[in-house]
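Going by full-length UniProt numbering, the final residue of the sequence shown carries number 280, and the count climbs one at a time with no gaps. No residue lacks a Cβ here, since even glycine has one placed at the ideal position from N, Cα and C.
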Amino acid sequence: MLVAVAMFSFMDTTMKLLSAHYPATQVTAMRALSSLPLLCAYMLYRGAFKGIFKVRWPLHLFRSVLGVGMLTMFAFGLSMLSLAEAYSIFFIAPALITALSVLVLKEKVGKGQWVAIVVGLIGVIVVLRPEGTGFLSIGGLAILASAACYATTAIVSRVLARSDSNESMMFWYLILMSVGGLSMSVQHWVPVRAEDGWVLLALALSGFFGQLAITRAFSSGKASVVAPFEYTALAWGVAIDWLLWQVLPDGYTLLGAGIIIGSGIYLVRREAVHAEAEHP
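In structure tokens:
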């Protein structure tokens, strides 16, 4: 999980660099297209193309639409915010996943978990600035919308995992996101600059290896142990912000991030305790 978080932090850095020169929808298309050749080579090596068309198409389409929305909003938000600010807001995703699991999967959530969800939302408000100057920040709201798309994607993925393989989920996710991103950006496509070739290579490698690492992490370890390491992204965000843009998060961002991370860790640990009680 630590490797996955590092890879995704590098991927987000490349997306932030690209978002300064290209529309958000084009960045989404480039994100999906850049990793697709690597994934196809990996699947050929593993012989994972067998039965690739026997999937639950409606859910795959819905998941990919959410993926396009998630990446586009995230790329748009990154063009206005630092990595640390974006990550701090995005950390609300575990709370949103817990809330959606009640509505969609009919899972039971106790009072303590609902309190943690509300506390997490308060943390987001703190990051967005309680005095009002940043509360209606377009970039901040875009990251919040991206987190909502991600949370919904996670719920859909849980349902898909009951019948479809990880390889088919990754393959169709990238294929359909490529189609969606291209269709949305073709009219405003900006020619790719030669000097951005290394950025696209870094985007492809970090996205691919990050996906492999996170899949391996959750398949070989308990979610309650693995998931909290996702919050190390804030450390990567602060370090990269400082190295590349000489920007450090302010007190509100750090305070809000602390509140959100605390509620997220509580939710993950509480879910683990509940799961052990049901299956001792």
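CA-CA distance, residue i and residue j?
i      : j      : result
Leu248 : Lys54  : 48 angstroms
Asp241 : Ser82  : 7 angstroms
Trp245 : Phe209 : 25 angstroms
Phe62  : Leu174 : 13 angstroms
Leu200 : Lys108 : 43 angstroms
Thr28  : Gly69  : 9 angstroms
Leu100 : Ala93  : 10 angstroms
Thr189 : Gly180 : In the sequence as presented, Thr is not what sits at residue 189; that position holds Trp. When rounded, the distance between both Cα atoms is 14 angstroms.
Val126 : Gly251 : 10 angstroms
Arg193 : Leu203 : 15 angstroms
Met170 : Leu71  : 15 angstroms
Leu160 : Phe218 : 16 angstroms
Leu2   : Pro37  : 25 angstroms
Leu243 : Ala233 : 15 angstroms
Ile143 : Arg46  : 35 angstroms
Ala48  : Thr215 : 15 angstroms
Leu17  : Ala145 : 21 angstroms
Ser178 : Met15  : 15 angstroms
Any idea what DSSP makes of residue i, helix, strand or coil?
i      : result
Asp250 : coil
Ile92  : coil
Val55  : coil
Leu105 : coil
Asp164 : coil
Ala235 : helix
Trp189 : coil
Lys111 : helix
Leu81  : coil
Ser137 : coil
Leu205 : helix
Gly221 : coil
Met170 : helix
Leu128 : coil
Met1   : coil
Let me make sure I understand the geometry here. Which of the options has the alpha-carbon closest to that of residue i?
i      : options                          : result
Leu98  : Tyr87, Ala116 and Leu81          : Before going further, note that residue 98 is Thr rather than Leu in the sequence given. The shortest Cα separation from Thr98 among Tyr87, Ala116 and Leu81 belongs to Ala116.
Ser206 : Ala84, Leu39, Leu267 and Arg158  : Leu39
Leu128 : Ser163, Ile260 and Phe49         : Ile260
Tyr231 : Thr14, Ala86 and Met30           : Ala86
Leu121 : Arg270, Leu255 and Gly51         : Leu255
Arg269 : Asp164, Met73, Gly251 and Phe229 : Phe229
Phe74  : Gln26, Val186 and Leu103         : Gln26
Ala6   : Val156, Leu36, Ala239 and Ser146 : Ala239
Leu105 : Ser157, Leu36 and Leu17          : Ser157
Leu44  : Leu243, Glu167 and Val119        : Glu167
Ala95  : Ile143, Ser88, Ser79 and Val118  : Val118
Glu195 : Ala41, Leu66, Gly264 and His21   : His21
Gln187 : Pro23, Leu78 and Met15           : Pro23
Ile155 : His60, Ser9 and Leu17            : His60
If we count the other Cβ atoms within 10 Å of its Cβ and call it buried at 16 or more, is residue i buried or exposed?
i           : result
Phe90       : buried
Ala151      : buried
Trp172      : buried
Lys50       : exposed
Trp236      : buried
Lys111      : exposed
Tyr266      : buried
residue 313 : Past the boundaries of the shown model lies residue 313; the chain is included only from 1 to 280, so the question cannot be answered.
Gly139      : buried
Val225      : exposed
Ala41       : exposed
Leu33       : buried
Ser137      : buried
Leu103      : exposed
Under 7 angstroms from any heavy atom of the ligand COA, does the C-beta of residue i make it?
i     : result
Pro23 : Of the ligands one can find in the structure shown there are none, so the ligand COA has no counterpart to examine.
Would you mind listing the alpha helix (DSSP H) stretches within the segment 19 to 68 that are 4+ residues and don't spill past its ends, in chain order? 24 to 46
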